[in-house]
Each structure stands twice: as C-alpha cells, then as structure tokens.
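Numbering-wise (the UniProt record's numbering), the sequence shown opens with residue 1 and increments by one. C-beta: ideal position from N, C-alpha, C; glycine also.
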Amino acid sequence: MTTDFSRRTFLGAACCVAAAPLATPVTFAALPGDNRLVTIVLRGAMDGLALVQPYGDPALRLLRPKLSLLPEQGLHDLDGYFGLHPAAEALLPLWRAGELGFVNAISTPYRSGRSHFDGQDMLESGGAAVQDERTGWLNRAIAGITRGSARKAIDVNTTSELILAGPNPVDVWSTRANLELADDERSFFTRLYRNDPVFAAAMAEAVATDMFSDGIYAGEKRSSGVESVARLAAGMLSGEHRIASFSISGWDTHVGQDRTFKKPVGELCTAILTLKANLRPDVWRRTAILAITEFGRTAQENGSAGTDHGTGGVAIIAGGAVAGGRIHGNWPTLSEASLLDGRDLQPTTDLRQLAAAMLYQQFGISAKALGSSVFPGLTLETGASYLRG
C-alpha cells in the first residue's frame, strides 16, 4: 500500500511545525525578472463610494445624507470631483507622487445574489460565472510567464487562498509560522528523511524559508497583524519572489459604517505603506499593488447608518509601476437612471481587465494567453489608462 503524503501533510505533522495559521495566509511565487505584483483581497465588499467619494455628483448627498462628506468636512480632494476618505489620509503622499490611483465603477461579472462566497469565488477564480473556474487566475498566470522556469513551493499553513491555488507551484507562509527546532532536532529529521527525496526536499525548503523569514523580522516578534504580513511580503519580494498575495477583512459595513469603516481602511494604508517602507527604492519602482474586493455596496445608505451589498466599486492600484495620481474608469454618475437595478453603482469596467493589464505590464504575459487560459474569453484592452506608459 502506497500513501501519497503532500508537503503540507509532512510539514504540518511530521516536522512538528509550530505554525499558528493566519485567517488569510501570505502566498508567494518565485519567478524570474525584476517586476513584482502584490494582490490584496479586501474581503467583505469594500464600499468604494466611501473610500473615493464622488462629492461632485449631486446625487451622492441625496443618497447618503449621513455617510457622504465634503472637503470642508474632512474629505481630501483628489481632482475637484472625487475625494479620499479622511481615514486614508496616510496615502496622500503616494497620490501626489503618482504612486497611487483608483479605478472607479469596477466589478467582476458577478451580478446575482450578492453573496460574499460567490462573489469571492469569481474575484479569485477569474471566471465569467460562479464556479466557472476551479483554480485561481493568479496561479494560472504563472504558466503564461515565459521567462525561465525556476519555481518552488512550500506550504506550512492549513489552506491557501483561491487566487493562487492551482497546479503551478507557489509558497504559502504564515507570519507566525516557526519551525522552532533545535539544531539536533533538525539534524534528526534530516537524517530520518534523507532517503525519501520528497520529504527531504520539503524539509530543506521549510528550513531555508524559515531562516529567511527570521532574517526579515531580525529577531522581532511576529504577529498576524497586517503590518507583519506586509513586512513578510516585502521581505520575500526583496528576494527571489515576484508575486505576493494576502487579504484584509472587515469591509462588510451594514451597520454604523462611519465607525466600522475606519479600521480596515487604516489596515489597507498600513499594508501599502509597509510594503513601500520595506522595499528598496529600485524594487518599489518595479512593483504594482492591486487591491480588489468581491463587489461594491449600495449607492444609498440603509436605515442602520451603513450600506448593503451592491455591485460597482473601486479598485486601488499602488506602487512605482502603476499609472497613479489619477482616477481611472468611466464614471456613470449616481443619477437614478444610471443606477444598476435602481440601487447600485453601474459597473463600466470589468475587474478582470484591470488584473489582466497588470499581468500584461508586469510579466509580459501575451494578450492571447490572458484571454485563453488566465481569463477565458476576455479580450485585453492594451490601451487602458491604468497601464503605465
């Protein structure tokens, strides 16, 4: 009888890894080249109309008398029509430097049910319908990167996120994962599995990655907080990794949004600024950050001073490799005639177009490959405004 042990089984049980998994692990891919891509999944349906408020649209105040702001109320003017929520003030220097931008009225093709589960399935799988694809679009993209084939995988967590799940090898790591083995214990496991190539390779990778992450934290305590996660991502991207992905939760703001919205916005700011602070300037210049959510929220505030599940929203792009300092996308207005189903911001940009454009720009994946295997059926718009240069 032959038992097929995976690396996850080996590292989780045989190696006695003292890993306290994050709710959302950090996932990496090691690829050739100098460009980097970070995806941040904003779980819970971020209210794009709150983060980037169209204060120049007269319908906003009518739809959101309690939640909408004006520049004289603390909203940070961006272009005379849109303003940034006060909780995201820390990102303004990036905006002014052309290293932060927003893509308005954006959504996946998901339109029915407004379920977080189904919405996140389409966001991460890149399919045209729920469960249309069984793997993540970012994992499928790895196969389309033609420059070399040096890739590795290591997984010491309980799960990986769908966006990077699939047949192409990636690394999954937790900021709180730590082998915590003495030298003699490591030697014991090395000797124990030296005649089993699969286990021996897994052990070697676990030790090497653990030692590398120790160097990132320089003896400081690791945690599951966003700053620690972003710091780990930056450290890995400073080495041989070129893709990183993690999540920020807490965006489901049905009740008391004015209060509950500030925490995840602050964490998003922390994540982006920590990435910049921990990447060398030359690496930051080649880095694109893409923050995306499963769907937007209703244009009108509800009776609980919050917003309900909607459709159109905002995507955030950041880094030295993005076309920042601009609001991208075709704004449909919030007039009653323009709202989707009379309740939601009408999407004018397919989120898959934005993701495909970042892959095209950062890794040279051909439009043909993007439209056939990464986002089946999609025709890439190579002249999109959010492509740098």
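Can you find the residues in the same chain that come closer than 6 Å, C-beta to C-beta, to residue i, ignoring five residues on each side of it along the sequence?
| i | result |
| --- | --- |
| residue 114 | 309 |
| residue 285 | 320 |
| residue 91 | 100, 269 |
| residue 240 | 30 |
| residue 46 | 251, 293 |
| residue 370 | 356, 380 |
| residue 81 | 56 |
| residue 382 | none |
| residue 276 | 284 |
Alpha carbon to alpha carbon, what distance is there between residue j and residue i?
| i | j | result |
| --- | --- | --- |
| residue 166 | residue 142 | 10 Å |
| residue 327 | residue 67 | 21 Å |
| residue 71 | residue 83 | 7 Å |
| residue 357 | residue 126 | 13 Å |
| residue 237 | residue 40 | 14 Å |
| residue 390 | residue 337 | Given that the chain is displayed from residue 1 to residue 389, the structure contains no residue 390 and the question cannot be resolved. |
| residue 130 | residue 116 | 11 Å |
| residue 139 | residue 164 | 4 Å |
| residue 294 | residue 349 | 14 Å |
| residue 74 | residue 305 | 19 Å |
| residue 318 | residue 190 | 42 Å |
| residue 94 | residue 329 | 19 Å |
| residue 170 | residue 135 | 13 Å |
| residue 106 | residue 187 | 53 Å |
| residue 312 | residue 379 | 20 Å |
| residue 314 | residue 196 | 49 Å |
| residue 245 | residue 274 | 14 Å |
| residue 69 | residue 104 | 18 Å |
| residue 243 | residue 372 | 21 Å |
| residue 120 | residue 43 | 8 Å |
| residue 34 | residue 60 | 42 Å |
| residue 287 | residue 384 | 18 Å |
| residue 226 | residue 49 | 23 Å |
| residue 408 | residue 331 | For residue 408 there is no data in the structure shown, the boundaries of the chain being 1 and 389. |
| residue 388 | residue 28 | 24 Å |
| residue 291 | residue 340 | 23 Å |
| residue 150 | residue 367 | Here residue 150 scores only 36 on pLDDT, less than 50, and its place in the model should not be relied on; the value that follows carries that caveat. Residue 150 and residue 367: Cα-Cα distance of roughly 23 Å. |
| residue 36 | residue 354 | 16 Å |
| residue 391 | residue 271 | Past the edges of the chain, shown from 1 to 389, lies residue 391, and the structure says nothing about it. |
| residue 296 | residue 96 | 26 Å |
| residue 386 | residue 255 | 33 Å |
| residue 162 | residue 324 | 28 Å |
Using a Cβ-Cβ cut-off of 7 Å (strictly less than) and excluding sequence neighbours within five positions of residue i, which residues of its own chain qualify?
| i | result |
| --- | --- |
| residue 88 | 51, 265, 269 |
| residue 278 | 231, 234, 235 |
| residue 133 | 125, 126, 127 |
| residue 57 | 333, 334 |
Tell me which residue opens and which closes the alpha helix (DSSP H) that residue i is part of.
| i | result |
| --- | --- |
| residue 137 | 137-143 |
| residue 95 | 92-96 |
| residue 372 | Run containing residue 372: none; DSSP gives neither H nor E here. |
| residue 259 | 257-260 |
| residue 284 | 281-284 |
| residue 116 | 116-125 |
| residue 231 | 226-237 |
| residue 45 | Run containing residue 45: none; DSSP gives neither H nor E here. |
| residue 334 | Counting along the chain, residue 334 falls outside any alpha helix (DSSP H), and DSSP gives it neither H nor E. |
| residue 63 | 59-63 |
Among residues of its own chain, excluding the 5 on either side of residue i, which ones have a beta-carbon nearer than 8 Å to its beta-carbon?
| i | result |
| --- | --- |
| residue 301 | 63, 64, 65, 66, 67, 257, 307 |
| residue 374 | 126, 137, 140, 141, 144, 356, 359, 365 |
| residue 352 | 108, 109, 126, 137, 375, 378 |
| residue 184 | none |
| residue 86 | 69, 74, 75, 76 |
| residue 343 | 298, 299, 300, 310 |
| residue 168 | 29, 139, 140, 142, 143, 151 |
Got a sec, what are the start and stop residues for the beta strand (DSSP E) residue i sits in?
| i | result |
| --- | --- |
| residue 104 | 100-107 |
| residue 173 | 171-173 |
Run through the DSSP bridge pairs and tell me what residue i is partnered with.
| i | result |
| --- | --- |
| residue 163 | Answer is none; residue 163 lacks a bridge partner. |
| residue 365 | None, per the DSSP bridge assignment. |
| residue 309 | 297 |
| residue 53 | 83 |
| residue 315 | 103 |
| residue 245 | 27, 39 |
| residue 290 | 39, 317 |
| residue 328 | 103 |
| residue 76 | 84 |
| residue 349 | 106 |
| residue 344 | 340 |
Counting only beta-carbon atoms, is residue i nearer than 8 Å to chain D?
| i | result |
| --- | --- |
| residue 312 | No chain D appears in this structure, which consists of one protein chain only. |
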